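Visitor: Please see the structure below; I have some questions.
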Ligand code: NAD
Ligand code: ZN
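Numbering (my numbering), first residue to last: 10 to 364.
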């Protein structure tokens, strides 16, 4: 991944922690401290594999599981730990976990002593997205990801070994971002998903190919627009309505990916209107979401008024105008200003389909 100020590699494969150590021996030998930041779930499941394959001395700092680590308290605790361990600018942080651990660790790395190197070691499917691109953040009680920085990792090590222990709900969540990467980049690849009958029917080899493709889509867009001035907005496909669902239901009560999958349905309806996406594609994706058992009932648990309030608060809303990432054709995104009335019509339609 090449950005203005940095270039880094993304390595993918199964059981590649050992070769990662061999490749980085010089760097790790030079570091005065290596600190692994991970959550309790991941560490419980993977400490053995990590210790067996990681060849250097390290300090470990555990944070609460999942989203609950993206708080000011956790951020402060990590900084305190680093100071107590006499970390310096010659220390390296390893973010071992899902998107939450990656976002927290990246933000800590961007601010500890004005910036120290960190390496992303994603352990979820969703984190194929979050580990690449350098967006780091913690949450504020007034809004998710409100406090953060653009700060790129030194390397991304995506060892598929970790994915084996993912519960089905997290596979489902991560898959939504993979499907998003397909929809914004490649019609043929997108249509492959329509054939899918269930989460269990996904072949491992197939998933690994999708993850590599998804990372390439993300990396290409980040290279064009690291700071989200233009092209990077395309990655918000499904997220305007999706974030509103996530915020209305409550973070942690619905996975990010499940909300994004729901959000892509109205985004496709709008793409049929404002773009030239063939009529019926939104319904095809709705049916796919049903087959893969995304919980679409969540929509019925929010009122449109609630969703509208959150959509207006979205970081991407300017002067009350909703800026939706839509598709001209499948694989070909653009940004469109959409009125709340139009979104309401799509929301009505979606509710009818769900009932
Ligand atoms: P997560 O980090 O919250 O992990 C989900 C759950 O899975 C947690 O309970 C975690 O403990 C567990 N887990 C992680 N790896 C596991 C494994 N290998 N086996 C079993 N359990 C495991 O969630 P996520 O879905 O990976 O990421 C969501 C976060 O990512 C959100 O905070 C979101 O804001 C952020 N995000 C960031 C970006 C970005 O560009 N920075 C992009 C998308 C999402
Ligand atoms: Zn997302």
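Beta carbons are placed, not taken as given, at the ideal position from N, Cα and C, and that holds for glycine.
Only a predicted model underlies this, so the values are computations on that prediction, with no experimental measurement involved.
#1: Let me have the residue list for ligand 2: C-beta closer than 7 Å to any non-hydrogen atom, ordered along the chain.
#2: Residue 320 and residue 250 look like a contact to me (Cβ under 8 Å); what is the Cβ gap, rounded to whole Å?
#3: Could you have a look at residue 51 and say whether DSSP puts it in helix, strand or coil?
#4: Using C-beta distances below 7 Å, list every residue in its chain close to residue 337, excluding the 5 sequence neighbours before and after it, in chain order.
#5: How is the beta strand (DSSP E) around residue 127 delimited, first residue to last?
#6: I believe residue 110 touches residue 48 by the beta-carbon criterion, under 8 Å. Please report the beta-carbon distance rounded to the nearest angstrom.
#7: Among 193, 280 and 157, whose alpha-carbon lies nearest the alpha-carbon of residue 144?
#8: With a threshold of 6 Å (Cβ to nearest heavy atom), would residue 144 be considered close to ligand 1?
#9: Less than 7 Å between the C-beta atoms of residue 115 and residue 84, yes or no?
#10: For residue 201 versus residue 138, is the C-beta spacing smaller than 7 Å?
#11: Hey, could you find the ends of the alpha helix (DSSP H) residue 88 is sitting in?
#12: Leaving out the 5 sequence neighbours to the left and right, which residues in its chain are closer than 8 Å to residue 246 when beta-carbon positions are compared?
#13: Confirm, please, whether the CB-CB distance from residue 317 to residue 349 is below 7 Å.
#14: Taking DSSP's pairing of strands, which residues face residue 327 in a bridge?
#15: Taking only runs that begin and end inside the region 132-160, name each unbroken alpha helix (DSSP H) of 4 or more residues, in chain order.
#16: Have a look at the DSSP bridge pairing and note the partners of residue 106.
Guide: Reading it off the structure:
#1: 138, 186, 248, 265 and 269
#2: 7 Å
#3: helix
#4: Excluding its 5 nearest sequence neighbours in each direction, residue 337 has C-beta neighbours in its own chain below 7 Å: 284, 285 and 343, listed in chain order.
#5: 127-131
#6: 5 Å
#7: 157
#8: yes
#9: no
#10: no
#11: 81-93
#12: 189, 192, 193, 273, 276, 334, 335, 336 and 342
#13: A contact, by the Cβ cut-off of 7 Å.
#14: 330
#15: 136-139
#16: 131
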